[in-house]
Amino acid sequence: MVHKLFKDGVYQAPEEYKEDIEELRQWLTEQHHLPTLTDEHLNLFLHSCEGNLMRTKVTMENYFTLRTHTPELFANRNPLSNDIQEINLVPLAHSSREGYKVLVYRLTNYEPSKLNFTAGIKMFLMYNDMRLAEDGLEPGYIVVFDMKGITLGHLSRINLSIIKKFIVYIQDCHPARLKGIHVINTVSFIDKVMTIIKPFLKGSIMQIIHFHGGVQSLEKYMSLEILPQEYGGQGDSFNVYHAQQRKLLEEEYVTWFREEENYKVDESKRKGKKNTQADTYGARGSFRKLAID
């Protein structure tokens, strides 16, 4: 049985991508280390890279290589596990003015001792994958991080190795058009947070990060009416949205995540130098340059 990347089946890429899809197919016949991919995969990666063929190849290579060599984030992803409940995610019912999907993240429990940082990042990435499966080929995503309840105690629990791998994945591998990152209820020690993560961030990502003391300044980027009730919007409550996502994740994605783990690189079939987790990540958080034929 073929794993369905998109829950509702293939989302067709624009007609102008047709020749590029064929070229990707031809290229893949020579990439024996990569898994067998469906048209869904090719459409998603080409779409996320806005039709840039070389960038698509690099992103596909990075995506499967990093996920294979980062089992702490991409292996044994069980939606029913008790250790991945640290964060809440909700996709808002309405998009931004530009038509971008808006995702809101926040902590479930504000007690620092309850935070398992690695499990929280793992859950974040699971939610992201589920949204791609649900949404298909979206024009873009805006991510809102709510820092309410975050203290210096949480900061001390950050795992630098995990944060580096997470940032590298989002920047170099994640097949989605990221249009904005908004941090709301910004804490007084945000400079300390940025000191930790800034060395790993590319300039292109820095340009789309925005900090907000509350939510009012979000109006510049989206209608405040689309926000959950807790943020002064006209949507349902955050808890209602989150309960819907948990139900969807637990009822429809247990098998999906199990099947998804079969999509790995086979280093024994890679041309040239084989890759390991130790040399996957380069200096300052950049992905190690991989040869693309």
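Residue numbers for the sequence shown follow full-length UniProt numbering, beginning at 1 and rising by one. We put the CB at the ideal spot given by N, CA and C, even for glycine. Remember, it's a predicted structure, so these values are computed and weren't measured experimentally.
Cβ-based burial, residue i [other Cβ within 10 Å; buried from 16]
i	result
K122	buried
P175	buried
D266	exposed
L103	buried
V240	exposed
N52	exposed
D146	buried
M1	Confidence is the limiting factor: at M1 the pLDDT is only 41, short of 50, which leaves the residue's position unreliable and the question unanswerable from this model.
residue 365	Residue 365 lies beyond the range of the chain shown here (1 to 293); nothing can be said about it.
G233	buried
I190	exposed
R77	buried
6 Å Cβ shell around residue i - same chain, five flanking residues per side excluded
i	result
G140	Y100, R177, K179
Y253	P79, M130
E166	One detail in the question is off: residue 166 reads as Phe in this sequence, not Glu. Correct list, in chain order: I121.
V215	I184, Y231
Residue interval of the alpha helix (DSSP H) (run including residue i)
i	result
R97	Here R97 belongs to no alpha helix (DSSP H), and DSSP marks it neither H nor E.
H154	152–155
N239	238–252
Y63	53–68
H210	No alpha helix (DSSP H) contains H210, which is instead part of the beta strand (DSSP E) from 209–211.
Neighbourhood of residue i by C-beta, 8 Å cutoff - its chain only, sequence neighbours within 5 removed
i	result
I150	L107, Y110, V187
L248	M130, E134
K264	P35, F64, R67, T68
D236	A93, P228, Q229
Close Cβ partners of residue i (< 7 Å) along its chain, the five nearest in sequence each way excluded
i	result
K273	none
G285	Below a pLDDT of 50, predicted positions are generally treated as unreliable, and G285, at 43, falls in that range; the measurement from the model is reported next regardless. K164, I167, V168, P199, F200, listed in sequence order.
H32	K269
K148	R106, N185
Whole-Å CB distance - residue i paired with residue j, under 8 Å assumed
i	j	result
H212	I184	5 Å
I226	I181	Not confirmed; about 17 Å, so no contact.
*Do the segment 150–164 and the segment 107–124 meet, that is, are 3 or more Cβ pairs less than 8 Å apart?*
Flag = yes, the segment 150–164 and the segment 107–124 touch.
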